[in-house]
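Here the protein sequences come in this chain order: Y and B. Residues in the first sequence are numbered from 32 upward in steps of one, following the numbering used here. Residues in the second sequence are numbered from 3 upward in steps of one, following the numbering used here. One structure is given here, and the rest of the page talks about it.
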Amino acid sequence: MLSRGIKSGLIMLLGLAITGCISMKMPEPTATMSNLEKIRGANVVPAKTGSFKLAAGKTPSLDKSVSGLRGSSVSPHSGSFAEQLRAQLEAELKAAGLYDAQSNATISGELIDSQVDAAIGTGTAKLSARFIVDQADTRIYDKVLTADASWPSSFVGAIAIPEAINQYTALYQTLIGRLFEDQDFRQALRKK
Amino acid sequence: MNNKFQYFQFIKLTIASIFLLMLTGCATMYVDGTTKEIKASEYKVQQEKQAVMLVFEFQTKGVANAQATKYLKDKIVDQVKNSGIFSEVSLNPVAGNRVLSITLNNVPLSDDAFSKGFVTGLTFGLAGSSVSDGYVCTARYLGGDQQQL
């Protein structure tokens, strides 16, 4: 009976060490210097953002929450990860002086994949979306882009979980950076 | 039997104490005094001040930390405004398209910070330890033509 009590106590300690209990709401997106330099150097026309939603056929929970954080959770700022991506894009365009609500160029998107795993050993995260650019009712760009990350992930939940959350939220900036770097995107919106 | 029961009670009490210690903390923090603070009145300021858009990002080990960025942004904006170096400090594009980027990267300077803390906690502070945290600040100033000034 004595050894069972000690075992139970040790198992509880171990469980507390590897898991965590953080519930975090992503803050409102802000522009980043690296994306600002990319889009300012692209010589493109101003654009506006359109609808960003979950891709057809995907489970609705993909847009609302992510698992793989050892019991913790991260939720989007306005209730939708697709909307979080739109807001990130808009923040970057506005900071670059390239957002124009009256522009006939509209950038819309569909969230395809959103995942994070704070596994012991190596953590991983992935964000994938389809970006569509329409200009005066003509589709000029349609491409799926992906951003992913992997990092050494601690056994200790108190270290691994915040790091996984940071890595996942940083993917939104990274994915917009991929869009800005994409030569087809730059060509589609290039100033004539 | 009575001794075994008392021993079991002692083990439960020890485990409960460790849980409580994990919830609290008992640490003293020191800021490195070698980085001196310079008063804004001692800055060399150009006579013709320019407006600037401020972009701030806090990173943890090189990865953007959105929560910390949100927490510190207003303080950074106030500090840049109060420096008196710029005619206007805005979070939006300004006339002239100048951009001041400030990145603060929190990097660990101690190895195995967690294991050191764990040992200190497990020994109820009898085995003390110290860990160091580093901050690398990178400031970039871009002109309207993307030229780094």
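Glycine included, C-beta positions come from ideal geometry on N, C-alpha and C.
Sheet register partners of residue i (DSSP bridge)
i              : result
S181 (chain Y) : Y:T155
V164 (chain Y) : Y:I138, Y:Y172
D144 (chain Y) : Y:S159
M55 (chain Y)  : Y:V105
A201 (chain Y) : Partner(s): none; A201 (chain Y) has no beta bridge.
D213 (chain Y) : According to DSSP, which records beta bridges pairwise, D213 (chain Y) is partnered with nothing at all.
G81 (chain Y)  : Bridge partners of G81 (chain Y): none, in fact.
For residue j and residue i, believed in contact at Cβ under 8 Å, the rounded distance
i              : j              : result
W182 (chain Y) : G154 (chain Y) : 5 Å
A78 (chain Y)  : L129 (chain Y) : 7 Å
T140 (chain B) : T105 (chain B) : 5 Å
I138 (chain Y) : V175 (chain Y) : Not quite, the Cβ-Cβ distance comes to about 14 Å (not below 8 Å), so this is no contact.
A53 (chain B)  : G98 (chain B)  : 6 Å
I190 (chain Y) : I53 (chain Y)  : Between I53 (chain Y) and I190 (chain Y) the Cβ distance is about 12 Å, and since that is not below 8 Å, they are no contact.
A178 (chain Y) : L206 (chain Y) : 4 Å
S85 (chain B)  : Y45 (chain B)  : 6 Å
A87 (chain Y)  : N135 (chain Y) : Contact flag wrong, Cβ pair sits at about 26 Å.
G140 (chain Y) : R161 (chain Y) : 6 Å
Where residue i meets chain B, residues with beta-carbon distance less than 9 Å
i              : result
P183 (chain Y) : Neighbours of P183 (chain Y) on chain B: none; closest Cβ ~10 Å, over 9 Å.
K125 (chain Y) : N94, P95
Contacts that residue i makes with chain B (C-beta to C-beta distance below 8 Å)
i              : result
Q146 (chain Y) : By Cβ distance, chain B contributes nothing, its closest Cβ being about 17 Å from Q146 (chain Y), past 8 Å.
P58 (chain Y)  : A68, Q69, T71, K72
8 Å Cβ shell around residue i - same chain, five flanking residues per side excluded
i              : result
Q133 (chain Y) : K79
Q115 (chain Y) : M57, P60, P107, H108, S109, Y203
Close-in-space but distant-in-sequence residues of the same chain around residue i (CB under 7 Å, 5 per side omitted)
i              : result
F112 (chain Y) : D94, L142, S145
R293 (chain Y) : Any question about residue 293 (chain Y) goes unanswered here, given that chain Y covers just 32 to 223.
A150 (chain Y) : S184
G99 (chain Y)  : Q146, V147, D148, A149
V109 (chain B) : K63, G136, V138
P95 (chain B)  : M55
Closer than 9 Å at the beta carbon, the chain Y residues around residue i
i              : result
R142 (chain B) : M64
Listed by chain order, chain B residues near residue i by CB distance under 7 Å
i              : result
T61 (chain Y)  : T71
A201 (chain Y) : V65, A66
L67 (chain Y)  : V57, V101
Q198 (chain Y) : V65
Cutoff 6 Å; reference residue i; Cβ partners in own chain excluding five residues on either side
i              : result
A127 (chain Y) : L67, I70, R71
A70 (chain B)  : F60
Y199 (chain Y) : V147, A156
S112 (chain B) : V133, S134
- Could you run through the segment 57-90 of chain B and flag, in chain order, every residue whose CB is less than 7 Å away from some CB of chain Y? V57, E59, T62, V65, A66, N67, A68, Q69, T71, K72
- Task: Can you give me, in chain order, the residues of the segment 106-135 of chain Y that have a beta carbon less than 8 Å from any beta carbon in chain B?
- Result: K125, A126, A127, G128
- Query: Of all the residues that make up the segment 150-164 of chain Y, which are near chain B by a beta-carbon distance shorter than 8 Å?
  - Reply: none
- Message: If the cut-off is 8 Å on Cβ atoms, which residues from the segment 98-113 of chain B count as contacting chain Y, listed in chain order?
- Response: N99, V101, S103, T105
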